[in-house]
Amino acid sequence: MSAASLVRLAYVIVYRLFLSPLAAIPGPKLAGLTSLYEIYHDIIQPGQYVWKIKEMHRKYGPIVRVAPGELHIQDVEYVDEIYPGASRNREKYAFQLRTLPVPLSMGASRTHELHRKRREALNPFFSRRSVVDYESTIRSKIDQLALVFEHHKNSGQVINLSNIYYALANDIVMRYSFGHDDNLLDDEQKAGTLRKNISELLLGVKVNQHFPWIVATLDSLPFFIAKNIMPPGVLDMKAFAGKIQKEISKVLDDRGENSPNKKRSIFYELRDNPSLPKSEKSEKRLEDDATLLVMAGTESVAVAIATSHFYLMQKPEYMDKVRGEIHDIPPNASWTKLENLSYLSGVVLEGLRLSFGVSGRLARIAPDEILHYKQHTIPQGTPVSSTTVCIHTDESVFPDPWAFQPERWFGRPGTERRKYLMSFNKGARNCIGMNLAYAEIYLALAATTQFDWELYETDESDVRFKHDFHAAFPKLDTKGIRARLL
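Structure below.
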């Protein structure tokens, strides 16, 4: 190493440990010195840095330096400062946008203004009114779900609910997006394969984030060469992106007024939106939006339903209470009617809390504002986050946090707790598909009450959060949530 390199290295060490504006923030010296600390706990461990951060908070207090230029705050009362409403400018952290290669998507919009413009185009499709109008289509899939349950009851076959709910959520979001679906509910084997592929893809997000040059290098090679050396997650992303590309190509090519594919679905409407500039309707832009929308609208919703259903089977008294509520309302009650059932709502909210939504750090940057936390000054431009696992397991808000307790959401205390639910994130960049997700979860769980269940070779280790790969993963050798219908 040259003398100049040694001097530069010495300066970086001295700056990060002693001269940086963040040097006074508590935390491990190694975390403040080098990203290798995070890489070790994210990749070598793997997916354990969120737990290491919780450990840091126990040792150093509510604010810690988790990387040379990044802070994490574990304080439920500070969440709205990190994730405020649309009136305050917050940008995304470019480093964390490298998890999935969808740079032109709304979710990957780094600046506040660009995100606002892209979201405005999508907001009408995800309003509460739009989801209510779409409920008959969701209901048709719920009816098909009930037939799948009936088939397994009659055959006595074990049912993999993780696969089934993946199929349900994927069918719904595909139809919402493109006006048709792949009918995965009718092909459980294919649903299982696709769920496994998406899991493999997510297992690679930490490598993508820390070493984006690997994916870039593989992308630069001819595919017939690259496919032999690509990690499984990269191959799965290629396959998934290829499918979305075909769907967007159909949308852009389908100009016939009487075409059976011309339906009131998101990407047909975006294509024909006169207020959007041409650049926002390019094939690549729409592909990136669709990729993220379909992935998020499938994985997180399916896991939330499966988690809730697991606890209903683990504790049959919970299922009995939900059945009792549903028995007292008209058959096929709407989502908005089901929302008024206190016990079912408690189950839904606990399922969301313990499935965590996006489990990784979603840092926000205040580019033109100095933030303050207690006695600490946070310079403008500093990435700051608060992870769902830290908020959802905060014992000051959720006593006995790993216990599934629907009653914790009852009454005024339960209403107060709702502001700490981070499954859909918070603020101006909260999950745009929240209303659609709620409708699916309520209607699917209501359908489960028509049947009697018992778990099959499944326990809490198959649902409990253990690894962070942007989504919360249980033990890595899980076979999913499996059950028998009695």
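For the sequence shown, the residue numbers in mature numbering (1 follows the signal peptide of the UniProt record, and there is no 0) are -24 to -1, 1 to 462. All residues carry an ideal CB built from backbone N, CA and C; glycine is no exception.
If you compare the alpha carbons of S361, T391, T358 and P2 with that of F374, the shortest gap goes to T391. Going by DSSP, D296 is part of the alpha helix (DSSP H) stretching over P292 to H303.
Taking 4 residues as the minimum length, the alpha helix (DSSP H) runs contained wholly in the segment 27 to 61 are 55 to 58, in order along the chain.
Secondary structure note for P4: it is in no beta strand (DSSP E), with a DSSP letter that is neither H nor E.
Annotation for R104: the continuous alpha helix (DSSP H) segment containing it runs R104 to D109. Of all alpha-carbon atoms in Y141, L76, F386 and S81, the one lying nearest the alpha-carbon of I408 is that of S81.
Restricting attention to R94, W429 and I148, the CA atom closest to the CA of G273 is found in I148.
Put simply, the segment 419 to 439 touches the segment 280 to 292. At least three CB pairs are less than 8 Å apart. Taking Q185 as reference, the option from F125, L76 and V42 with the minimal CA-CA separation is L76. Our two residues, A404 and E57, have alpha carbons roughly 12 Å apart in a direct line. Residue pairing by DSSP places W429 opposite L461 in a beta bridge. At least 8 Å separates the beta-carbon of F400 from that of V365. The DSSP assignment places 364 to 368 as complete runs of the alpha helix (DSSP H) inside the segment 334 to 373, in order along the chain (cut-off: 4 residues).
Here the segment 302 to 320 makes no contact with the segment 186 to 193; the two share fewer than three CB pairs at distances below 8 Å. 8 Å or more divides the Cβ of E176 from the Cβ of I140. Residue pairing by DSSP places E67 opposite I341 in a beta bridge.
Here T358 is buried. Its C-beta has 16 or more other C-beta atoms within 10 Å. Here I135 carries a strand assignment [DSSP, helix/strand/coil]. Counting of Cβ neighbours within 10 angstroms places V(-11) among the exposed residues, the total staying below 16. Between the C-alpha atoms of Y13 and T363 there is a straight-line separation of about 18 Å. A167 carries a helical assignment under DSSP once its states are collapsed to helix, strand and coil.
Per DSSP, the continuous alpha helix (DSSP H) segment holding D195 begins and ends at P188 to S196. Checking the DSSP bridge columns, you'll see A448 partnered with D444. G322: member of the alpha helix (DSSP H) spanning S318 to S331, first to last residue.
Taking one beta carbon from each stretch, the segment 103 to 121 and the segment 412 to 426 have 3 or more pairs nearer than 8 Å; the two touch.
When secondary structure is reduced to three states using DSSP, S153 falls in the helix class. If you draw a straight line from the Cα of D18 to the Cα of V134, it comes to about 35 Å.
In the structure shown, the three-state DSSP call for I205 is coil. The residue among L325, A43, S225 and E111 with its C-alpha nearest the C-alpha of E383 is L325. Residue state for R92 is assigned as helix, using DSSP reduced to three classes.
R394 and R329 have their C-alpha atoms spaced approximately 10 Å apart. Put simply, the segment 248 to 258 does not touch the segment 209 to 221. Fewer than three CB pairs are less than 8 Å apart. For the options T424, T454 and D444, the alpha carbon positioned closest to that of D438 is the one of T454. DSSP, read as helix, strand or coil, puts N159 in coil. Secondary structure at L123: helix, using DSSP grouped into helix, strand and coil. Contact check for G155 and Y244: beta-carbon distance about 6 Å, within the 8 Å limit, so the pair qualifies.
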